[in-house]
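Add 22 to a position in the sequence shown, counting from 1, and you land on the number used in the working numbering.
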Amino acid sequence: MKEHTISSFEDYKKVYQKSIEEPEDFWADYAKTFDWHEPWDKVQSGSFEEGNVKWFEGGKLNIVENCLDRHLEERGDKTAFIFEPNQPDALKRTISYETLHEEVCKFANVLESKGIKKGDRVAIYMAMTPEIAIAALACARIGAVHSIVFAGFSAQSLADRIQDCDAKMLITNDGLRRGNKLVPLKEISDEALENCPTIESVIVCQHADNEIEWEEGRDEWWHLLMRNVSKEHEAVAMDAEDPLFILYTSGSTGKPKGQVHTCGGYMVYTSYTLRNVFQIEEDDVYWCTADAGWITGHSYIIYGPLLNGVSGIIFESTPTYPDPGRLWEVVEKYDVTHFYTAPTAIRALMKEDIDYVHRYDLSSLKVLGTVGEPINEEAWHWYDEEIGNGECPIVDTWWQTETAGIMISPLAGVTPTKPGFATLPLPGIEPALLDDEGNEITETKGQGNLVISNPWPGVTRGIWGNHERYMDTYFNKFPGYYLTGDGCRRDEDGYYRITGRVDDVLNVSGHRLGTAEIEDAIDDHKKVVESAVVGYPHDVKGEGVFAFTICNQDIDDPETFKEEINDLITETISPIAKAGKVQIVSGLPKTRSGKIMRRVLRKVAAGEADDLGDISTLLNPEVVEEIRAGEAF
Ligand code: WTA
23 MKEHTISSFE
33 DYKKVYQKSI
43 EEPEDFWADY
53 AKTFDWHEPW
63 DKVQSGSFEE
73 GNVKWFEGGK
83 LNIVENCLDR
93 HLEERGDKTA
103 FIFEPNQPDA
113 LKRTISYETL
123 HEEVCKFANV
133 LESKGIKKGD
143 RVAIYMAMTP
153 EIAIAALACA
163 RIGAVHSIVF
173 AGFSAQSLAD
183 RIQDCDAKML
193 ITNDGLRRGN
203 KLVPLKEISD
213 EALENCPTIE
223 SVIVCQHADN
233 EIEWEEGRDE
243 WWHLLMRNVS
253 KEHEAVAMDA
263 EDPLFILYTS
273 GSTGKPKGQV
283 HTCGGYMVYT
293 SYTLRNVFQI
303 EEDDVYWCTA
313 DAGWITGHSY
323 IIYGPLLNGV
333 SGIIFESTPT
343 YPDPGRLWEV
353 VEKYDVTHFY
363 TAPTAIRALM
373 KEDIDYVHRY
383 DLSSLKVLGT
393 VGEPINEEAW
403 HWYDEEIGNG
413 ECPIVDTWWQ
423 TETAGIMISP
433 LAGVTPTKPG
443 FATLPLPGIE
453 PALLDDEGNE
463 ITETKGQGNL
473 VISNPWPGVT
483 RGIWGNHERY
493 MDTYFNKFPG
503 YYLTGDGCRR
513 DEDGYYRITG
523 RVDDVLNVSG
533 HRLGTAEIED
543 AIDDHKKVVE
553 SAVVGYPHDV
563 KGEGVFAFTI
573 CNQDIDDPET
583 FKEEINDLIT
593 ETISPIAKAG
603 KVQIVSGLPK
613 TRSGKIMRRV
623 LRKVAAGEAD
633 DLGDISTLLN
643 PEVVEEIRAG
653 EAF
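This is the structure:
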């Protein structure tokens, strides 16, 4: 694994320089290490201005051959996945590369026998078991486009996503268990499918053994379909720019956007970033605690580790089940070397008795990672000292669903770290800071909108079915740049510190939520006329949801009202988007053009109402006093 892995800070500086001066050579060099059916004609073409970036055009490949087939000779017996189920005492299940290959080939044959072919969309709504990876990889093997929907989403969210991409098939489980909770996935799917006429078939993988209903002619059991299926399957050769998957993510306005990632660039980028950021070696045991329903799970549970021939863990449970020692118990149990999680989990666990950590032997750990939200310094130090024993480099990795892989991060043990800083860009990535007028901040030290100046292989290739929205969201505001939506500071050493979203996107426990989606859900309440949602600082979740609502009648029982609102949010989106605080107001601060001035609401929500800044441009400044004096519940 030494090749194409940067081993010292000096080396990083050299490689980075080359990657920026000669990006095509740099990426082609790495891309050559994969198996291609046909080489590419052009390494990179297109531009951000046109929104038509392409990588390795003309090249033909199948990403699954690179994840599995390629390793069989050398690593066939090696563990690909260790499955750690919800119940800690359940039988250990490990899957070798050879077995995983077999299962994927078999399921690819199943998919084809059900009429799924290259280009068809397949929705996956599943528990965190190896089968979610098998389902995704089988799609990729036959060239079908998978769209995994996080299993914490509601029937309505699932239906929205299926409808948006006209999926032909849904793969799900009977149910899943997380902690003591049962989530009846099949039942939720049935409800979603009432409004999804494009779905022709449903494959149900038995898992939680909960009772389910069955629609003859549409539903079939995974295990029955997998009986007597051939283990041989020839992977479909895909164009590098053919879509590999669609993954929905929230933006500032409207419904979630289906981000499209393509076969070649995604493969090259996720693989390169995993090996360099984590400095993985052959015998390491790598554990990313994310859910496969998010991009972190796609890139760093499924594709990145398999592309590198690494052994990874698929974890079904939660950090606090059956007690807050669970993560550390698993680290000890499997001698985990690389551990990658979200700051929210660290903040939750550091509140618990430290004995939950000390009970376990964590000496196998070599590298610790974080992702999804800014990490506060207190959490960083706790992670460093209590979990890493001061000996494990921490990689604070900044990236997004749109970027496919890690963009700004230390390389473990290579880049000197600073708590709270994602530090420096990966090779091939040129970040810049722009002021609100779009002028580039040229001094090393500065603060502004984080943008990326040059195309990289993992950049999102589109929003499914909506090129205009793609251009407006990422490329039209500051032509020539990819707009991240994040604010950022750069210090005198050129180190980057992400300060959080500058748009109307919330980050609750590392989950990305759009304010507009939550407001839509709240507005369905019959007593609500209008609402505005902002984030407020929360010591575990990072950010909580604060809802200001205008009502058409008096609310006698605020607690019940809040519960009703949260039920609506749970039904239309997910419990993760529930409001932590609600305040009833008679009006919302609006600009003369009718836009809600969220800045004012954010200040009130943060308890900083004394410092509201300039509100002279408001249409209705009188409501500000009332909002300031009001109380949330
Ligand atoms: C935030 C998750 C600070 C950021 C991979 C970004 C971070 C959004 C970090 C993307 C980090 C992610 N430090 N903030 N290390 N990593 N973010 O699409 O606001 O779910 O825009 O991708 O998470 O969230 P997404």
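All C-beta atoms in this analysis are idealised placements derived from N, C-alpha and C, irrespective of residue type, glycine included.
Got a sec? Which residues, its chain only, sit under 8 Å from residue i by beta carbon, not counting five neighbours each side?
i: V607; result: F570, T571, I572, V645, E648, I649 and G652
i: T521; result: P396, Q469, D508, G509, C510 and R511
i: W350; result: Y378, V379, R381, Y382, L384 and I409
i: Y343; result: N108, R200, G201 and N202
i: R523; result: G507, D508, G509 and N529
i: F103; result: T116, I117, L122, P152, A155, S333, G334, I335 and I336
Going along the chain, which residues of its own chain have a beta-carbon closer than 6 Å to the beta-carbon of residue i, five neighbours each way excluded?
i: G80; result: W62 and D63
i: D142; result: A166 and K190
i: G331; result: H93 and R97
i: G68; result: N74, V75 and K76
i: D546; result: L590
i: Y496; result: Y504 and L505
i: I244; result: Residue 244 is actually Trp in this sequence, not Ile. For W244, where only same-chain residues beyond five positions count, the Cβ hits under 6 Å are I225 and C227.
i: S252; result: N131
Between which two residues does the beta strand (DSSP E) containing residue i stretch?
i: P341; result: Note, P341: premise wrong, no beta strand (DSSP E); not H, not E.
i: I598; result: Note, I598: premise wrong, no beta strand (DSSP E); not H, not E.
i: D560; result: Per the sequence shown, residue 560 should be read as His rather than Asp. That run of the beta strand (DSSP E) goes V550 to H560.
i: G391; result: V389 to V393
i: S29; result: First-last for S29: undefined, no H or E at that position.
i: V530; result: V527 to V530
i: V567; result: G564 to C573
i: L535; result: H533 to G536
i: R483; result: Note, R483: premise wrong, no beta strand (DSSP E); not H, not E.
i: F103; result: T101 to E106
i: G347; result: Careful: G347 lies outside any beta strand (DSSP E) and carries neither H nor E.
i: R614; result: Counting along the chain, R614 falls outside any beta strand (DSSP E), and DSSP gives it neither H nor E.
Considering just the uninterrupted stretch of the alpha helix (DSSP H) at residue i, what are its terminal residues?
i: I336; result: That residue, I336, is in no alpha helix (DSSP H); its beta strand (DSSP E) goes S333 to F337.
i: H547; result: No alpha helix (DSSP H) holds H547; DSSP gives it neither H nor E.
i: E95; result: L94 to R97
i: V379; result: D377 to H380
i: G326; result: G326 to L329
i: A370; result: P365 to L371
i: H489; result: H489 to Y492
i: E408; result: Segment: none, E408 is in no alpha helix (DSSP H) and carries neither H nor E.
i: A627; result: R620 to A627
In this structure, does DSSP put residue i in helix, strand or coil?
i: H283; result: strand
i: G502; result: coil
i: L113; result: coil
i: C89; result: helix
i: H360; result: strand
i: A145; result: strand
i: N131; result: helix
i: F655; result: coil
i: D636; result: coil
i: S223; result: strand
i: D418; result: strand
i: S385; result: coil
i: V75; result: coil
Report all residues from its chain with a CB closer than 7 Å to the CB of residue i; omit the five preceding and five following residues, and keep chain order.
i: Y147; result: V171, A173, L180, L192, T194, L207 and S211
i: D99; result: S118 and E120
i: G315; result: I170, V171, F172 and A173
i: Y38; result: P449
i: T271; result: P278, K279, Q281, T423 and R534
i: V86; result: V126, L159, A162, R163 and A257
i: A543; result: L590, I591, T594 and I595
i: A130; result: A160, R163, I164 and H255
i: N476; result: P45 and E452
i: D188; result: R143 and T220
i: A177; result: I210, E213 and A214
i: G435; result: Q301 and P415
Any beta-carbon of chain B closer than 8 Å to the one on residue i?
i: E238; result: No chain B is part of this structure, which consists of one protein chain only.
Quiz item: Which runs of the beta strand (DSSP E) fall wholly inside the segment 152-217 and span at least 3 residues, in chain order?
Solution: Listed in chain order, the beta strand (DSSP E) runs fully inside the segment 152-217 are 167-170, 191-195, 198-200 and 203-205, counting runs of at least 3 residues.
Practice problem: Check whether the segment 164-175 touches the segment 254-272, taking contact to mean three or more Cβ pairs, one atom from each stretch, closer than 8 Å. | Solution: Contact between the segment 164-175 and the segment 254-272 is present: 3 or more CB-CB pairs across the two stretches fall below 8 Å.
Exercise. Note down, one range per segment and in chain order, each beta strand (DSSP E) of at least 3 residues found wholly within the segment 422-479.
Key: Within the segment 422-479, the complete beta strand (DSSP E) runs of at least 3 residues are 453-456 and 468-474.
Quiz item: Quick one: any contact between the segment 388-405 and the segment 416-436, if contact means 3 or more CB pairs under 8 Å?
Solution: Touching, per the Cβ criterion.
Quiz prompt | Contiguous beta strand (DSSP E) assignments of at least 3 residues, all confined to the segment 230-306 | solution = Counting only runs that start and end inside the segment 230-306, the beta strand (DSSP E) elements of at least 3 residues fall at 241-243, 265-271 and 279-284.
Practice problem: Give a yes or no on contact between the segment 424-432 and the segment 455-469, applying the rule of three or more CB pairs nearer than 8 Å. | Solution: The segment 424-432, when compared against the segment 455-469, does not touch it at the 8 Å Cβ threshold.
Quiz item: What residue ranges within the segment 24-73 form continuous alpha helix (DSSP H) runs of no fewer than 4 residues, ordered along the chain?
Solution: Correct list: 31-43 and 45-53.
Self-check item: Contact the segment 282-290 vs the segment 361-368: 3+ CB pairs below 8 Å
Solution: Look at the beta carbons and you see the segment 282-290 not touching the segment 361-368: under three pairs across the two are nearer than 8 Å.
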